[in-house]
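Worksheet: one structure, shown below.
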Amino acid sequence: NNEWFSVRLCVKANRQSVSTVNLLAVEQLHFKTSLHLNNDQNLSSDDITADAKIEIDPESKLTIDLKKPISECSSMIRCRINDKNVNAPGIYAIRFFIPDKVKGKNSVNIDDSFASNINIVKYKLIVITNVWESVWYKDEGGRDKCMQVDIGMESSDQAVAYDKRVPLKLNLKYDGPQMLQVVNQSLLRTLGSPAHYIDPDTGKANIRFRIEDVSKNHQGQSFIVEICADSTKYPHVAPGYTRSVSVRSKRNKRPSPVSDQSPNIARDVAERLQFEPIRNVSSSERSNHDRDHRQIMPFVSSEVGKLRQSVQGVLKWTEEVIGGLYPLQWEVIGYATFPDGSPDYSHPYHSMPNPNASISRILSMYTDTTREQLGQIVTAVDRVGERSGMQMPRGYFPRSARSVVRPASQMNQPFSPRGREGYSDNLFDQGGVSLYQTSDEGRSMQSSPSHTTDRSSPIYPSESIARPERYSGTTDRSRFSASHLGVHRRPASQENEMMATLEESSQFNESPGDRIRTSPVYRNRNQPRNAQSVIMAQDAQMTERDYDDNDESECDVHYVLVKEYSLPRSSEPVGFPAYNSNCEVIGFYRESSSSIGISNFTNIIKMQHKFSPSDILELRKMLRSHIDSNSQAVYNLTEFGSVANLLDQASVFNWSTGT
Numbered sequence: 001n002n003e004w005f006s007v008r009l010c011v012k013a014n015r016q017s018v019s020t021v022n023l024l025a026v027e028q029l030h031f032k033t034s035l036h037l038n039n040d041q042n043l044s045s046d047d048i049t050a051d052a053k054i055e056i057d058p059e060s061k062l063t064i065d066l067k068k069p070i071s072e073c074s075s076m077i078r079c080r081i082n083d084k085n086v087n088a089p090g091i092y093a094i095r096f097f098i099p100d101k102v103k104g105k106n107s108v109n110i111d112d113s114f115a116s117n118i119n120i121v122k123y124k125l126i127v128i129t130n131v132w133e134s135v136w137y138k139d140e141g142g143r144d145k146c147m148q149v150d151i152g153m154e155s156s157d158q159a160v161a162y163d164k165r166v167p168l169k170l171n172l173k174y175d176g177p178q179m180l181q182v183v184n185q186s187l188l189r190t191l192g193s194p195a196h197y198i199d200p201d202t203g204k205a206n207i208r209f210r211i212e213d214v215s216k217n218h219q220g221q222s223f224i225v226e227i228c229a230d231s232t233k234y235p236h237v238a239p240g241y242t243r244s245v246s247v248r249s250k251r252n253k254r255p256s257p258v259s260d261q262s263p264n265i266a267r268d269v270a271e272r273l274q275f276e277p278i279r280n281v282s283s284s285e286r287s288n289h290d291r292d293h294r295q296i297m298p299f300v301s302s303e304v305g306k307l308r309q310s311v312q313g314v315l316k317w318t319e320e321v322i323g324g325l326y327p328l329q330w331e332v333i334g335y336a337t338f339p340d341g342s343p344d345y346s347h348p349y350h351s352m353p354n355p356n357a358s359i360s361r362i363l364s365m366y367t368d369t370t371r372e373q374l375g376q377i378v379t380a381v382d383r384v385g386e387r388s389g390m391q392m393p394r395g396y397f398p399r400s401a402r403s404v405v406r407p408a409s410q411m412n413q414p415f416s417p418r419g420r421e422g423y424s425d426n427l428f429d430q431g432g433v434s435l436y437q438t439s440d441e442g443r444s445m446q447s448s449p450s451h452t453t454d455r456s457s458p459i460y461p462s463e464s465i466a467r468p469e470r471y472s473g474t475t476d477r478s479r480f481s482a483s484h485l486g487v488h489r490r491p492a493s494q495e496n497e498m499m500a501t502l503e504e505s506s507q508f509n510e511s512p513g514d515r516i517r518t519s520p521v522y523r524n525r526n527q528p529r530n531a532q533s534v535i536m537a538q539d540a541q542m543t544e545r546d547y548d549d550n551d552e553s554e555c556d557v558h559y560v561l562v563k564e565y566s567l568p569r570s571s572e573p574v575g576f577p578a579y580n581s582n583c584e585v586i587g588f589y590r591e592s593s594s595s596i597g598i599s600n601f602t603n604i605i606k607m608q609h610k611f612s613p614s615d616i617l618e619l620r621k622m623l624r625s626h627i628d629s630n631s632q633a634v635y636n637l638t639e640f641g642s643v644a645n646l647l648d649q650a651s652v653f654n655w656s657t658g659t
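Below, the structure written as structure tokens:
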């Protein structure tokens, strides 16, 4: 209602009248408009401007220039309809006609024309986000791979419509001007709740769906999904449409024949053993290189077949593991009911098949073949390095570290070499050397004047500084996470001092250089106590790649706040905040695009340029306020036992509330 739209008006003539029209001494045709009600397909003959009014844009001219050829005689008109009956708007048709006095004066015989029916609505569904590729592969990622779309409902003034629980319906259509509907609507499968509604609290809804057929079987046409309201209960809500998508099965993978592949593998293995960068070499150096190359080739040629079989066996076992994970995901089979019989969407019922057969098959494959194949791969890599006489790259584990290939009896025991006491010594007790002490990075860290064991700051005393465990060999994972984020446990007086300083610093005008930067190292205590003195500095020797492991911080997750957080400056959604046991934010969880549930964890280190000290302080206050108010959106690790169980329940809460 009251929304601008455009109508193009053209002049058409049959062959007998073309010459007559061109010979008319009329240079312009002036026409008028009238509005007619067309409910129940019965077009009224009378103008109904008393109930609804059509308004023409002043810049649009109700004329058609006849100086041009008939095929080019047209006019674009911009107009809108204002229906006074707001509660029950109708369906209208616009009539374009030439007044009778103009026809008689100029001897012009042109029939009236009606535009297509226009359905006036009070609300319309708006697609907020529909993030997926223009080409979607339905058979990659398992049966639960899906597309998801966030849709909202807006009124005529583009305001979000709240307090209306509107049921939604999905229709699969072809992408095109006419948007023809697909005959077999069962090709469109929704995931999660079988019924979808606009949440009255948020005015939005999240829908997951997948298309079970490829575009090739539909003349190569792309698909779109129409999301509309139940017309019987909400006839005055306009539908929304997703972006088009071309559905395919899988990406084409055409490997070369085996006979042609063996020489290529031998050449690739030999070339990848050259760890030094490419440079210009003399003829004598080239001859030495060729001699070493010839020494490697016989071994590679004789062992490449066995090595290939081992790699293929490991890949097969890996596919078996991945394939066995999908049936383990819970499926919603129903909901609990209220006393009146209506479904309680906050308490869903789940179902999962018995996983024992899949687990037994995976363990059996590992015991029978995979363990031996992994050992063959490690042995082959060792042999190539020994026979070539070349220096292995930094970070290469010797044979003494080959304990990663464990028997199936130890599969239920968590493997964490960093978690064992004396890891830096025991791992290389058979003649190995410490990677930290021998690496260029370790020597530079020890010799750097900024890398000391006694470092103090006005906020953190020297005894509270904890070096990351990958340098110091410490076994306490919580200390690594704390130093990782620059947040250490300290006395209450110092913590209050920091909170006050952060609040004081948030009053300054923040520039891009004042963004928070995380590191266990802080500025000198002699610097002035201002906003910049509390911003965490980046240690020049600790590069971002040293902390590029989400698992290190995800293991410290203690709280998850199921409340979508958006950046205050850009309004960019970053996910659900995750906190450690000290209520300090360490990352964000987001819903996975390839599977169901909250699973994607992003370390806050990767987003440090987007946050200011005041943002970090606000996130901490937000968690504490929800804890104090006993909010259901706070999920505590102590109540669920593991992060996986916590995320499962958080996903159910997210789906049921639409947060």
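Under the UniProt record's numbering, residue 659 is the last one in the sequence shown; the count climbs by one each step, no gaps.
Think of the CB as a built atom: it goes at the ideal place given N, C-alpha and C, for glycine as much as any other residue.
Exercise for review: Could you pull out every residue in the same chain whose Cβ sits closer than 7 angstroms to the Cβ of ALA161, ignoring the five residues on either side in sequence?
Suggested key: TYR123, MET153, GLU154, SER155 and GLY203
Practice item. Might you give, ordered along the chain, the residues of its own chain that have their beta carbon closer than 6 angstroms to the beta carbon of TYR335, omitting 5 neighbours on each side? Key: PRO343, ASP344, TYR345 and PRO348
Review point. Considering ALA52, what are the terminal residues of the alpha helix (DSSP H) in which it resides?
Key: Segment 52–56 is the beta strand (DSSP E) holding ALA52; no alpha helix (DSSP H) there.
Point to revise | VAL135 classed as buried or exposed, judged by whether at least 16 other C-beta atoms fall within 10 angstroms | key: exposed
Check your understanding: Among GLN219, MET179 and PRO239, which one has its Cα closest to the Cα of ILE120?
Key -> PRO239
Point to revise | contact_flag[the region 605–613, the region 628–640] where n(CB pairs < 8 angstroms) is 3 or more | key: no
**Study point:** Nearest residue (CA-CA) to HIS236, options ILE91, VAL314, ILE110 and ARG143
**Key:** ILE91
Practice item. Work out the CA separation of LEU561 and ARG624 for me, nearest whole Å. Key: 10 angstroms
Review point. Does DSSP put TYR335 in a helix, a strand or coil?
Key: strand
Exercise for review: Return the chain-ordered ranges of every beta strand (DSSP E) run that is complete within the region 145–177 and spans a minimum of 3 residues.
Suggested key: 147–155 and 167–174
Check your understanding: Shortest alpha-carbon distance to VAL574 belongs to which of TYR565, ASN582, ASN580 and SER581?
Key -> TYR565
Exercise for review: Please say whether LEU647 and TYR589 have beta carbons closer to each other than 8 angstroms?
Suggested key: yes
Exercise for review: Starting from the C-beta of VAL245, find all residues in its chain whose C-beta is less than 8 angstroms away, skip the five residues before and the five after it, and write them out in chain order.
Suggested key: TRP132, GLU133, SER134, VAL135, TRP136, MET147, ILE211, SER222, PHE223 and ILE224
Practice item. List the DSSP bridge partners of SER75. Key: LEU9
Check your understanding: Could you give the distance in angstroms between the alpha-carbon of residue 682 and the alpha-carbon of THR190?
Key -> Because the chain spans 1 through 659 in this model, residue 682 falls outside it and cannot be assessed.
**Study point:** ARG361 classed as buried or exposed, judged by whether at least 16 other C-beta atoms fall within 10 angstroms
**Key:** exposed
Exercise for review: Express the C-alpha separation of THR232 and PHE97 in angstroms, rounding to a whole number.
Suggested key: 35 angstroms
Point to revise | Continuous beta strand (DSSP E) stretch holding LEU248: start and end | key: The sequence shown places Arg at residue 248, not Leu. Residues 246–248.
Practice item. Evaluate SER310 with the Cβ neighbour count: other Cβ atoms within 10 Å of its Cβ, from every protein chain shown; 16 or more gives buried, anything less gives exposed. Key: buried
Check your understanding: What did DSSP end up calling VAL131 once you bin it into helix, strand or coil?
Key -> coil
Exercise for review: Could you tell me the boundaries of the beta strand (DSSP E) in which LEU37 lies?
Suggested key: 32–37
**Study point:** Closest by C-alpha distance to VAL557, when choosing among ILE377, GLN185, SER642 and ILE333
**Key:** SER642
Check your understanding: Taking Cβ to Cβ, would you say residue 662 is nearer than 8 angstroms to ILE151?
Key -> For the chain, the structure presents residues 1 to 659; residue 662 sits outside this window and is missing.
Check your understanding: Does the distance from the C-beta atom of LEU29 to that of ILE81 stay below 8 angstroms?
Key -> no
**Study point:** Pairwise C-alpha distance: ALA52 and LYS12
**Key:** 30 angstroms
Review point. Can you tell me where the alpha helix (DSSP H) with LEU328 in it begins and where it stops?
Key: Per DSSP, LEU328 belongs to no alpha helix (DSSP H) and is neither H nor E.
Check your understanding: Hey, how far is the Cα of GLU320 from the Cα of LEU328?
Key -> 13 angstroms
Exercise for review: For ARG95, name the three-state secondary structure that DSSP assigns.
Suggested key: strand
Point to revise | Cβ neighbour criterion (16 or more within 10 Å) applied to PRO58 | key: exposed
Point to revise | Same chain, Cβ closer than 8 angstroms to ARG8, five either side skipped, listed in chain order | key: SER74, SER75, MET76 and ILE77
Review point. Which of helix, strand or coil does DSSP assign to ASN119?
Key: strand
Review point. Using a Cβ-Cβ cut-off of 6 angstroms (strictly less than) and excluding sequence neighbours within five positions of ILE333, which residues of its own chain qualify?
Key: TYR349 and SER351
Exercise for review: Have a look at LEU125, CYS555, SER193 and ILE64 and flag the residue whose alpha-carbon is nearest the alpha-carbon of SER656.
Suggested key: SER193
Review point. According to DSSP, what are the bridge partners of ASN354?
Key: Paired residues: none, contrary to the question.
Check your understanding: Got a sec? Which residues, its chain only, sit under 7 angstroms from ARG620 by beta carbon, not counting five neighbours each side?
Key -> CYS583, GLU584 and VAL585
Exercise for review: Assign TYR366 to one of three DSSP states: helix, strand, or coil.
Suggested key: helix
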